[in-house]
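One structure is given below, encoded as structure tokens.
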Amino acid sequence: MIEEIRIHDLGVITDAVLPLGPGLSILSGETGAGKTMVVTALGMLLGNRSDAGAVRSGAPRAVAEAVVRVPAGHPAAALVEDAGGAVDVETVGAAEEALVTVARTVTAEGRSRAHVGGRSAPVGTLSAVGQTLVAVHGQSDQLRLKSPAAQRHALDQYAGDELAAELGRYRGLLAEYRSVQQTLREVTEHGRERALEAQSLRGALEEIDAVDPQPGEDERLDQESQKLTNLEQLRAAALTAHAALSGGEFGDGDTPDATTLVAAAHRALEQEAGSDRDLEELSGRVAELAVLVNDIAADLSGYASGLDDEGPARLAEVEARRAKLKALTRKYGATVDEVLEWSGRSRARLDELTDDPAREQELRARLEQLHGELSELATRMTERRRDAAHRLSDAVSAELTALAMPNASLVIDVEPTEEFTGHGRDEIAFLLKPHAAAAPRPLGKGASGGELSRLMLAIEVVLAAVDPVPTFVFDEVDSGVGGKAAVEIGRRLKMLAQHVQVLVVTHLPQVAAFADQHILVTKSPDATVSDVRVLDEEERVVELARMLAGHEDSAAAREHARELVRGAVLRGPSAR
């Protein structure tokens, strides 16, 4: 829902802030007051072509800005965040809502700048955001349902959950169908390339198998090579340490070894340990140290003896093995583990590339099965769409009759094709048939602005519960009608406003009487400046009197205006 529109130096409007609420907002004013500038401002925010002529005379630029409140998960919020803009999230009751700000500036020279969420963005981004928020119908509108994709989406939404479920199953089958189709194409059309790739993989795998690398083997051999290269230094260090701990050929006969010193310390403490508990504890710890020193000395002796069994022969074996592994890692991965991972993937790929007549036959059989399932499902979807098209067409045509277009009807063509697409096999077209003898024509062709607005109003009223956008704007929806038809237009606008926010530019009091909020555009005596404001109840009566008779001061006109408001309340959206 649009909470606020700000307009600066656009047409005859110098500076206006237009607060909007939910429901039906009516915009009225005398001819030339600048009512259409509000619609122009919305068009700017929807990414319409910039027009330097819309900039107020003498002003450097025109600015339009809107603040829109949407559910936190609305596509508009995601688009703004993707563009780098900021989205303010508020908690309202149990739900989270997002405030989205969009703005557009047009200079007197015709240059244009767009902002979303306070961040500069391409006009295309502004347009993408705007189209999720507002649908404008009028003399210079962009038809929400003009594209075949939008018409198909609207019809599918109207068709309901059963079609949606079938469409979901269809898309799953289609994804598998295309995957099998691609695999079969590779098998049958790229035989030479597949054979060369298989030959290359086979040779590589044979090379890897001949070496038979083991996980982590390169790291283990690196460590062993370093040990063997420094064998003498390692042995000397172990023997020297052993002598320091327990004596030996590397020891100094004049210096007692660690074992002897620790044993002497333990004997000294043990003699007096019975006299003091603390000393007894220390004696025990020294005894443990003596055992530890002896164990380490024994381990060092064993380590040095083990080194005696290894030598140049083992080093040569290790280096030869490392060289073979290095040859593999240069080609297939930085480490042996990466080589093994590549080998696993390549074996799977080799299985795919191996020419297997049975596999080709299996693929063809699966493709034929999927084609049959897709065809059956697409046919059911076509039937559901035709049924929904018939119901939607009847409902819209009935609305058109009440909107002073009794001979007009909406025709929805659903024609299946041979090609499977992501949405089925149907081509869908919304067509307007102005009268019984006329040929149906695409929306927007052969209809006046007022007729087109009424047609879109009829469609939107029917679709409102299943496929709405947050805000609808109607300009010229009441063009060329009056009396009872005008009342019906007002009532249907009120019906639509039960589901979404609706803003209507009108000159008919019968329509304006249904407003939840009445906004007046007034012009200065010299018609050079306009102002925009929301009317209170009494001001609304005065404006309706002006719209009725052109004499807002007439007591009779004001009473008539009050009667219109009372009648609108009595008729209401539910009155039929």
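So for the sequence shown, this note's numbering puts the first residue at 35; every next one is plus one.
Virtual Cβ for every residue (Gly too), placed ideally from N, Cα, C.
None of the values given here were measured: they were computed from a predicted structure.
Residue i (DSSP reduced to helix, strand or coil)
i      : result
His149 : strand
Gly202 : helix
Ser59  : strand
Lys180 : coil
Ala463 : strand
Val352 : helix
Ser564 : strand
Ala50  : strand
Glu64  : coil
Asp43  : strand
Gln551 : strand
Gly194 : coil
Leu537 : strand
Ser409 : helix
Pro450 : strand
Gly458 : strand
Pairwise C-alpha distance: residue j and residue i
i      : j      : result
Leu316 : Ala361 : 59 Å
Gln176 : Gln233 : Low confidence applies here, because Gln176 scores a pLDDT of 47, under 50, leaving its location unreliable; read the following figure in that light. Looking at the two C-alpha atoms, the distance is approximately 59 Å.
Asp122 : Pro53  : 19 Å
Gly206 : Glu407 : 11 Å
Ala547 : Arg592 : 12 Å
Arg348 : Asp252 : 16 Å
Pro450 : Glu597 : 53 Å
Arg574 : Ala100 : 25 Å
Glu231 : His224 : 11 Å
Ser588 : Arg580 : 9 Å
Gly68  : Glu453 : 50 Å
Ala88  : Met71  : 8 Å
Glu322 : Tyr337 : 22 Å
His31  : Ala137 : The requested residue 31 does not occur in the structure, where the chain is confined to residues 35 to 610.
Glu115 : Gly151 : 8 Å
Ala120 : Gln215 : 44 Å
Ala442 : Leu133 : 40 Å
Thr135 : Val73  : 18 Å
Ser213 : Met78  : 44 Å
Leu404 : Thr222 : 19 Å
Ser409 : Gly601 : 54 Å
Cβ neighbours of residue i in the same chain (closer than 8 Å, five flanking residues each side left out)
i      : result
Lys358 : Val245
Thr293 : Leu279, Ser280, Gly281, Ala324, Val327, Asn328, Ala331
Leu527 : Leu58, Leu491, Phe508, Val511, Val536, Val538, Val545, Phe548
Pro182 : Glu461, Ile462, Ala463
Arg334 : Correcting the residue type first, residue 334 is Leu in the shown sequence and not Arg. If we look at Leu334 and ignore the five residues flanking it on each side, its Cβ neighbours are Ala272, Leu273, Ala275, His276, Leu279.
Beta-carbon contacts of residue i that lie in its chain and below 7 Å, excluding the five residues immediately before and after
i      : result
Arg186 : His457, Ile462
Val320 : Val296, Ala299, His300, Leu303
Leu80  : Ser161, Gly164, Gln165, Val168, Val170, Gln176
Leu313 : Leu303, Glu306, Ala307
Distance CB(residue i)-CB(residue j) smaller than 8 Å
i      : j      : result
Leu58  : Ala549 : yes
Leu387 : Arg228 : yes
Asp49  : Arg95  : no
Arg383 : Leu218 : no
Ser142 : Ala86  : Going by the sequence as given, residue 142 is Ala instead of Ser. Taking 8 Å as the Cβ cut-off, Ala142 and Ala86 qualify as a contacting pair.
Leu530 : Phe506 : yes
Gly144 : Leu554 : no
Ile41  : Ala98  : yes
Asp371 : Gly250 : yes
Tyr204 : Leu411 : yes
Val352 : Glu258 : yes
Chain-order list of residues whose beta-carbon lies under 6 Å from that of residue i (same chain, five-residue window excluded)
i      : result
Glu130 : Ala106, Val123
Ala609 : Because Ala609 carries a pLDDT of 48, less than 50, the predicted location of this residue cannot be relied on, and no value is offered for it.
His552 : Ile60, Leu569, Arg574
Beta carbon proximity, residue i to chain D, threshold 8 Å
i      : result
Glu351 : Structure shown: chain D not included; a single protein chain is present.
For this session: Note down, one range per segment and in chain order, each alpha helix (DSSP H) of at least 4 residues found wholly within the segment 470-520.
Result: If we require 4 residues or more, the alpha helix (DSSP H) runs fully inside the segment 470-520 come out as 483-497.
Exercise. Can you list the beta strand (DSSP E) stretches of 3 or more residues lying completely in the segment 83-171, in chain order?
Worked result: Taking 3 residues as the minimum length, the beta strand (DSSP E) runs contained wholly in the segment 83-171 are 95-105, 122-126, 129-141, 146-150, 153-155, 168-171, in order along the chain.
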